[in-house]
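Chemist:
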Amino acid sequence: MGESNTTSADFTAAPPRINEWQRFVRVFFQRRIVIFGLLILVMLGFTALFADWLAPYNPYKQNLRKILQQPSKEHLLGTDSVGRDTLSRLIYGTRTALTVGFVSAGIAASIGITLGIMAGYFGGIINIVIMRLTDVLMAFPMIVLALLLAAVLGGGIHNVILALGIVMAAGYIRVMCGMTLSIKENDYVLAERAMGASHLRIMTRHVLPNAFAPIIVVITLQLGFLILSEAALSFLGIGIKPPGAAWGAMVNEGYRFLVRIPILSFAPGAAIMLVVFAFNMVGDALRDALDPRLRGTL
Amino acid sequence: MTTYIVRRLLLALFCLFMITLIVFFAMRLLPGDPIIIYIGQSQQLSALDEEGMEKLRKEFGLDKPIMVQYLTWVSGVIRFDFGDSIFYHMPVGTILWERFPVTVNLGLYAFVLSTLFGIIAGILAAVRRAKLVDRIVTPLSYVGICVPVFWLGILMIYVFGLKLNWLPIIGYTSPFDDFWLSIKQAIMPVICLTIGALAATARQMRSSMLEVIRQDYIRTAWSKGFTERVIIMRHALKNSLIPVVTVLGLHLGFILGGSVIVETVFSIPGIGHLMVDSIFSQDYAIVQSCTLIFAVIVVFANLIVDISYGWLDPKVQYG
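The listed protein sequences correspond, in order, to chains E and V. Taking the working numbering, the leading residue of the first sequence gets 3, the next gets one more, and so forth. Taking the working numbering, the leading residue of the second sequence gets 366, the next gets one more, and so forth.
The structure is reproduced here in structure tokens:
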């Protein structure tokens, strides 16, 4: 730039073609920490899938002769108050965390995307109703609303998933509504209308695919938050029923034996933090790589 | 301006109305007859026959149509009459009156600290971009929003309470009773409540400040020869605060939500702890009231945020 020997050919030539995939990879890996995040997520998925092989012991089997043992060669992270191996329970806990995360994210996304597209596409009274309801939903502190719903529905993992799914839908509604408002102004939507396409077709074939990037980003960023929320709820004693393994509940159980064997509480907490961190890092990188315009809004 | 405030007030009123609807009907969806739950709680009532149950139902107004029940409840709530707790055997209002100041006390500390330090940290990180401050603040702000607060609380209890013996591990004292003890007891819970909102504020402030100091009017200010302090404080600050202020209401909600967890960890007798306890004792009048209070606070916080917007951003079209 700024050199004097540029010829007019330089200006008339077509701009260099950018390989979208290469650009994506370059931006995605801009911060090295993303590699670390991805690695954790891959390990997490691997652990959840192969928990049966990876866990050194049966996570539910009690052994009253070996309760509250300090970490040793046999039990790398010690044992809990009924002699279950902490490491094995930690490994099985990945299944709980991921199941809750993905299923409730799926519920939130389905509710939120449907309502958000409708609000943005039809506008008018439908928009007002949906967006005002979203405001109301957002007025409840997330964990409080989830607690209320869990209390209404009754504890249990299924109801926690449902409660989190409903609570988290608000974010998708806002994002989808905004995206739809701008997408529907495009000429191709008008052309499609002129050719007689139905509203449903436009919404599913045109609006939805064009809003793909922000949806993926919101899902990734929310997964960490969902796992954190599930951990908080199970810490409070709502969610998975004993003897099922959930990290939050493990922290709570370890709290009672904090003086004797602190690792019981520390290890699952560290796992939660690591996983949430990984999801956030990858989510941020995805956002920058897929659509930098989303910076600041998501 | 006036029409904007009036409109905003109406919106808040609508929000409050919807919240009461949600809270009331959520509780009515509960599996099981509230009378049976009530009877189950109490020894002398468990031998009640059908007739006695009908009488109780009348006493609680549960025989009336649901809309009448709703209106009775709402008109009670407006007069701070939240009904009776079936677990504590006293008016919910009395219990809330005892517990509420505790949550407000700690929540206010956390809100003020997270906002103040979040803004300062964000500004420093933006102004000294890629320098030492930024290299400390930015990674910390990423970690801060990932920390499970209940775990952080336990970690601090272990280190500062049990090992180093610096701080009392649990409990709460009113600052009016014993100021120093109250501060000492508040340190760890307030850190837990603060960290998430603090990290989020710092991140937002940093990116917003970076955006602003790239703008032309800031370059103009530089070329006029103002000092950095004047430029940041007098020119850049106000504009860069706008996106941060927008989410303050959300952050207050976040802190209130955190109080549910933090109060449980530190055995603090606030409404967060009360709500969790009441879910397990099936004391639904209390669960209902606590949820309502949390939501109402957030609605008012958002109202204040929206109205104060005009001071920061005169471009906002009131209308």
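Heads up, the beta-carbon is just placed ideally off N, CA and C, and yes, glycines get one too.
(1) Counting only C-beta atoms, is residue 380(V) closer than 9 Å to chain E at any point?
(2) Which partner residues of residue 81(E) appear in the DSSP bridge assignment?
(3) Tell me the rounded alpha-carbon separation between residue 306(E) and residue 445(V).
(4) Using a Cβ-Cβ cutoff of 8 Å, what residues of the segment 224 to 255 of chain E are near chain V? List them in chain order.
(5) With 16 other CB atoms within 10 Å as the buried threshold, where does residue 477(V) fall?
(6) Residue 531(V): buried (16+ other C-beta within 10 angstroms of its C-beta) or exposed?
(7) How would you call residue 232(E), buried or exposed, if buried means at least 16 neighbouring beta carbons within 10 angstroms?
(8) I want to see whether chain V comes within less than 9 Å of residue 3(E), judged by CB atoms only; does it?
(9) Tell me, please, whether the CB atom of residue 147(E) is closer than 9 Å to any CB atom in chain V?
(10) With a 10 Å radius around its C-beta and 16 neighbouring C-beta atoms as the bar for buried, classify residue 516(V) as buried or exposed.
(11) Is the CB of residue 344(V) under 9 Å away from at least one CB in chain E?
(12) Taking only the alpha-carbon atoms, compute the straight-line gap between residue 625(V) and residue 615(V) and give it to the nearest angstrom.
(13) Name the two residues that bound the continuous alpha helix (DSSP H) containing residue 257(E).
(14) State the DSSP-derived secondary structure class of residue 189(E), mapped to helix, strand or coil.
(15) Between residue 264(E) and residue 528(V), what straight-line distance do the alpha-carbon atoms span, to the nearest angstrom?
(16) Applying a beta-carbon distance threshold of less than 8 Å, which residues of chain E neighbour residue 640(V)?
(17) Could you tell me which whole alpha helix (DSSP H) segments of length 4 or greater appear in the segment 203 to 268 of chain E?
(18) Closer than 7 Å between beta carbons: that is the criterion. Which residues of the segment 80 to 114 of chain E meet it against chain V?
(19) Which of the three DSSP states is assigned to residue 449(V) in this structure?
(20) What do you get for residue 595(V), buried or exposed, if any count of 16 or more other CB atoms within 10 angstroms of its CB means buried?
(21) Out of curiosity, what's the CA-to-CA distance linking residue 639(V) and residue 512(V)?
(22) Since residue 44(E) meets chain V, which of its residues come closer than 7 Å, beta carbon to beta carbon?
(23) Write down the C-beta distance between residue 266(E) and residue 255(E) rounded to the nearest angstrom, noting that I regard them as a contact closer than 8 Å.
(24) Could you name the residues of chain V that residue 260(E) contacts, counting a contact when the two beta carbons are closer than 9 Å?
(25) Strictly below 8 Å CB to CB, what residues from chain V border residue 274(E)?
(26) Pairs of beta-carbons, one from the segment 577 to 593 of chain V and one from the segment 557 to 568 of chain V, closer than 8 Å: are there three or more?
(27) Can you check whether the C-beta of residue 659(V) is within less than 9 Å of a C-beta belonging to chain E?
(28) In whole angstroms, give me the CA-to-CA distance for residue 423(V) and residue 429(V).
(29) With 9 Å as the threshold, decide whether the Cβ of residue 644(V) is near any Cβ in chain E.
(30) Please list, in chain order, the chain E residues whose beta carbon lies closer than 7 Å to that of residue 618(V).
(31) Under the assumption that residue 92(E) contacts residue 270(E) (Cβ atoms under 8 Å), give the Cβ distance between them as a whole number of angstroms.
(32) Using three-state DSSP, classify residue 430(V) as helix, strand or coil.
(33) Please list, in chain order, the chain E residues whose beta carbon lies closer than 7 Å to that of residue 598(V).
(34) Could you check if residue 3(E) is buried or exposed, using at least 16 other CB atoms within 10 Å of its CB as the buried criterion?
(35) Can you list, in chain order, the residues of its chain with a C-beta nearer than 6 Å to that of residue 452(V)? Leave out the 5 residues immediately preceding and following it.
(36) Cβ closer than 7 Å: which chain E residues qualify as neighbours of residue 625(V)?
Modeler: Well, looking at it:
(1) Here residue 380(V) refers to the residue found at position 15 of the second sequence. It does; some Cβ of chain E falls within 9 Å.
(2) Residue numbering aside, residue 81(E) sits at position 79 when the first sequence is read from its first letter. Its beta-bridge partners are 87(E).
(3) Because chain E is modelled from 3 through 300, residue 306(E) falls outside the range shown and cannot be assessed.
(4) 226, 230, 233, 234, 237, 238, 239, 240, 250, 253 and 254
(5) Counting from 1 along the second sequence, the entry for residue 477(V) is found at position 112. Per the 10 Å Cβ criterion, exposed.
(6) As a position in the second sequence, residue 531(V) is number 166, starting the count at 1. By the neighbour-count rule (16 or more Cβ atoms within 10 Å), residue 531(V) is not buried but exposed.
(7) Taking the first sequence and counting its residues from 1, the one referred to as residue 232(E) is at position 230. That one is buried.
(8) Within the first sequence, numbered from 1, the residue matching residue 3(E) stands at position 1. Its pLDDT being 43, under 50, residue 3(E) is placed unreliably in this model, and the value from its coordinates should be taken loosely. No - not a single Cβ of chain V is within 9 Å of the one on residue 3(E).
(9) Here residue 147(E) corresponds to residue number 145 of the first sequence, with the count starting at 1. Closer than 9 Å to some Cβ of chain V, the Cβ of residue 147(E) qualifies, so yes.
(10) In the second sequence, counting from the first residue as 1, residue 516(V) sits at position 151. The residue in question, residue 516(V), is buried, as its Cβ has 16 or more Cβ neighbours within 10 Å.
(11) Outside the shown range of chain V (366 to 684) lies residue 344(V), about which nothing can therefore be said.
(12) Numbered from 1 along the second sequence, position 260 holds the residue referred to as residue 625(V). Numbered from 1 along the second sequence, position 250 holds the residue referred to as residue 615(V). Whole-angstrom Cα-Cα distance: 16 Å.
(13) Here residue 257(E) corresponds to residue number 255 of the first sequence, with the count starting at 1. It spans 249 to 257 - the alpha helix (DSSP H) in which residue 257(E) sits, taken as one unbroken run.
(14) Working through the first sequence from its first residue, we reach residue 189(E) at position 187. In this structure, residue 189(E) counts as helix in the three-state DSSP scheme.
(15) On the first sequence, residue 264(E) is found 262 positions in, with the first residue counted as 1. On the second sequence, residue 528(V) is found 163 positions in, with the first residue counted as 1. Roughly 11 Å between the two C-alpha positions.
(16) As a first step, residue 640(V) is located in the second sequence; it is residue number 275 there, counting from the start. Chain E residues near residue 640(V): 146 and 149.
(17) 214 to 237 and 249 to 257
(18) none
(19) By 1-based counting over the second sequence, the position of residue 449(V) is 84. Reduced to three states, the DSSP call for residue 449(V) is strand.
(20) The residue labelled residue 595(V) in the question sits at position 230 within the second sequence. It is exposed - the Cβ of residue 595(V) has fewer than 16 other Cβ atoms within 10 Å.
(21) Taking the second sequence and counting its residues from 1, one reaches residue 639(V) at position 274. Taking the second sequence and counting its residues from 1, one reaches residue 512(V) at position 147. When rounded, the distance between both Cα atoms is 24 Å.
(22) As a working mapping, residue 44(E) is identified with position 42 in the first sequence. The premise fails here: residue 44(E) is roughly 18 Å from chain V at the closest Cβ pair, so nothing lies under 7 Å.
(23) Residue numbering aside, residue 266(E) sits at position 264 when the first sequence is read from its first letter. Residue numbering aside, residue 255(E) sits at position 253 when the first sequence is read from its first letter. The Cβ separation is near 7 Å, so the contact holds.
(24) Taking the first sequence and counting its residues from 1, the one referred to as residue 260(E) is at position 258. Within chain V, the residues near residue 260(E) are 519, 522, 523 and 527.
(25) Walking along the first sequence from the start, residue 274(E) turns up at place 272. Correct list: 513 and 516.
(26) no
(27) On the second sequence, residue 659(V) is found 294 positions in, with the first residue counted as 1. Answer yes: the Cβ-Cβ gap between residue 659(V) and chain E drops below 9 Å somewhere.
(28) Translated into positions along the second sequence, residue 423(V) becomes position 58. Translated into positions along the second sequence, residue 429(V) becomes position 64. Those two C-alpha atoms are separated by around 8 Å.
(29) Translated into the one-based positions of the second sequence, residue 644(V) becomes position 279. Chain E, which has a Cβ nearer than 9 Å to the Cβ of residue 644(V), makes this yes.
(30) Taking the second sequence and counting its residues from 1, the one referred to as residue 618(V) is at position 253. Within 7 Å Cβ-Cβ: 143.
(31) Walking along the first sequence from the start, residue 92(E) turns up at place 90. Walking along the first sequence from the start, residue 270(E) turns up at place 268. The pair is a contact, with the Cβ atoms about 6 Å apart (cut-off 8 Å).
(32) Indexing the second sequence from 1 puts residue 430(V) at position 65. Residue 430(V) falls in the coil class under three-state DSSP.
(33) Mapped onto the second sequence, residue 598(V) falls at position 233. Under the 7 Å cutoff, chain E gives no residues; its nearest Cβ is about 23 Å from residue 598(V).
(34) Here the question's residue 3(E) lines up with position 1 in the first sequence. Its pLDDT being 43, under 50, residue 3(E) is placed unreliably in this model, and the coordinates cannot settle the point.
(35) By 1-based counting over the second sequence, the position of residue 452(V) is 87. Taken in chain order, the residues that qualify are 646 and 648.
(36) In the second sequence, the residue the question calls residue 625(V) occupies position 260. By Cβ distance, chain E contributes 145, 146 and 149.
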